[in-house]
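Residue numbers (our numbering): 90 to 676.
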């Protein structure tokens, strides 16, 4: 069950700010003092005009007041700069800490949670939503404080001068607040903003998928329009934004027009009072100047309306990750010299109601090799991933050395299990860093692992050897070479249990030969689970588990299954026919 979220929106943002909250309050306080000092020159001009038109004033007095006005202007600029610096320092630190917090949280989440989220939606949260929070904190908070403080101070000051004109000056502000609230704070507006975020996430996911599929698209001569997921999400986003713009354009038009002409009622009433000798000229000038002057902060406040709405939903998306239930840890340090793996009546499903594995039971004795085979979609890779607890089983249990894997600490479990995936991940770092994967292994240890994995030779041919950055200046590897880098990582880790998931799926014959040589050294004295399609590579293993539609169809050696399992016999014959396949040119 998720934790109860007590705060949302800006209140939640202040909680996220944590120890940087003090800088934000300092920024706001400086912005308030800046707003006060901004009014000083106007007040001084008013008093100078008042004195000039009544009892008169000396040039020395005027000079003294002008000096005070200059000092107030200079101080207001300095304080505005200091406010911006405080908010930017807070924003950049919050940005860094928030991204670290989200990344750390994702690292503690079950693989199922990460797997069901598109990379585009996670990218939007980590990059776009967090970036908008940084922009809002750095600029929005001091601007909003100033936008609220300055009109408030102006109106208080004006009410002390003439309450009648103050009411006329205040009326446009009330109308603006009502219009902004009606446009962005209603349930309909919130639903629209939610749809905006979902549409943007879908488009991000479509773009990421399109970029990944671009080589295939080029091979078949297809344009971006032919990639339906990309084109449809972009079109949907474009349609939504156009519709939203048309709906909100009338509101914004009224707001802008109203604020730009807010001086007209004041001008008409002021002139009426003046010609009736009910208003002095200095007071009239003061209202004309400040009545226009406080409109600019109101414009800034208007732009904050949709921005705050976007921030609220961004914070909500971030909280969906931060408050999600983490992978359960029981915190026990289990000691065992037995590294056998056993499935007992395991049921598993990615989606409720659709079982991928159904009542699976088999045991992999310590130091033996077991192969999982079966048609595509039979659950082979899923079973392998469950060993490392990438997902939690629905029913039944998986044990390591007779101990349920749920009873291990995640770190301890991962120390004892190594994975070689069919998909390889290389980082934009040196080959030394790509192999050691954040461990404190020395260069000599990395080289020794690379030699076993048969990748030392091609690394040494690179411009800077192990210090060469992958992806830099066109430095790339073939699929088989990347597979050998992954093998080097496993060698360096030296786990007790090894899961090989289609490890030679994308390798050419030469790379496959080198990988198989590396395997022969790596698997010594280890408990090995092999997931394979090429049955000839696993014919000599200790045990084969045949999976079909999520169930264990048969278990035995190659010779036993040839005699007892129709499915395995069918797969073996298909494999032999595939090896004998050749293209004959009759021309």
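Glycine included, each C-beta is placed from N, C-alpha and C at the ideal position.
Item, Value
"Does DSSP put residue 637 in a helix, a strand or coil?", "strand"
"Excluding the 5 residues flanking residue 530 on each side, which residues of the same chain have their C-beta closer than 7 Å to its C-beta?", "581"
"In whole angstroms, give me the CA-to-CA distance for residue 328 and residue 335.", "11 Å"
"Closest by CA to residue 541, which one among 339, 135, 137 and 610?", "610"
"For a test of the three-state rule: what should DSSP assign to residue 146, helix, strand or coil?", "coil"
"Distance, Cα to Cα, residue 183 vs residue 113?", "11 Å"
"Using the C-alpha atoms, what's the distance from residue 506 back to residue 463?", "23 Å"
"Taking the Cβ atom as the reference point for each residue, do residue 474 and residue 515 lie within a distance shorter than 8 Å?", "no"
"Should residue 154 go down as buried or exposed, given a rule of 16 or more other Cβ atoms within 10 Å for buried?", "buried"
"Taking only three categories from DSSP, how would you classify residue 365?", "coil"
"Report the option in 372, 446 and 493 whose CA atom is closest to the CA atom of residue 472.", "446"
"Could you pull the start and end residues of the beta strand (DSSP E) that residue 485 belongs to?", "484-489"
"CA-CA distance, residue 374 and residue 180?", "41 Å"
"Once DSSP output is grouped into helix, strand and coil, what is the label at residue 631?", "coil"
"Is residue 350 helix, strand or coil by DSSP?", "coil"
"Cα-Cα, which of 481, 428 and 140 is closest to residue 456?", "428"
"Kindly list the residues whose CB is nearer than 7 Å to the CB of residue 162, restricted to its own chain and excluding five residues on each side of it in sequence; keep chain order.", "130"
"Could you say which of 143, 369 and 459 lies nearest to residue 626 if we only look at CA atoms?", "459"
"Would the beta-carbon of residue 619 fall within 8 Å of that of residue 635?", "no"
"Should residue 123 go down as buried or exposed, given a rule of 16 or more other Cβ atoms within 10 Å for buried?", "buried"
"Between which residues of its own chain and residue 165 is the CB-CB distance below 6 Å, once the five residues before and five after are set aside?", "123, 126 and 127"
"According to DSSP, is residue 94 helix, strand or coil?", "Reliability of the predicted coordinates at residue 94 is poor, the pLDDT of 46 falling under 50, and no value is obtained from them."
"Looking at the structure shown, is residue 445 part of a helix, part of a strand, or coil, going by DSSP?", "coil"
"On a Cα-Cα basis, can you pick out the residue from 103, 191 and 639 that is closest to residue 413?", "191"
"Rank 659, 438, 461 and 465 by C-alpha distance to the C-alpha of residue 485 and give the top, closest one.", "438"
"Going by DSSP, what residues sit across from residue 506 in a beta bridge?", "586"
"Just to confirm before moving on: does the CB-CB distance between residue 547 and residue 487 stay below 8 Å?", "no"
"Is residue 643 helix, strand or coil when you go by DSSP?", "strand"
"What do you reckon, are the CB atoms on residue 586 and residue 430 nearer than 8 Å?", "yes"
"Report back the beta-carbon spacing between residue 254 and residue 247 to the nearest angstrom; my notes put them in contact at under 8 Å.", "7 Å"
"Rounded to whole angstroms, what is the Cα-Cα separation between residue 617 and residue 400?", "49 Å"
"Rounded C-beta distance between residue 573 and residue 612? I'm assuming under 8 Å.", "In fact, because the Cβ distance is near 15 Å, the residues do not count as touching under 8 Å."
"What does a CB cutoff of less than 8 Å around residue 358 pick up in its chain, not counting 5 residues either side in sequence?", "253, 254 and 257"
"Expressed to the nearest angstrom, what Euclidean distance is found between the alpha-carbon atoms of residue 283 and residue 333?", "12 Å"
"Can you give me the start and stop residues for the alpha helix (DSSP H) that residue 232 sits inside?", "230-250"
"By DSSP, does residue 461 sit in helix, in strand, or in coil?", "strand"
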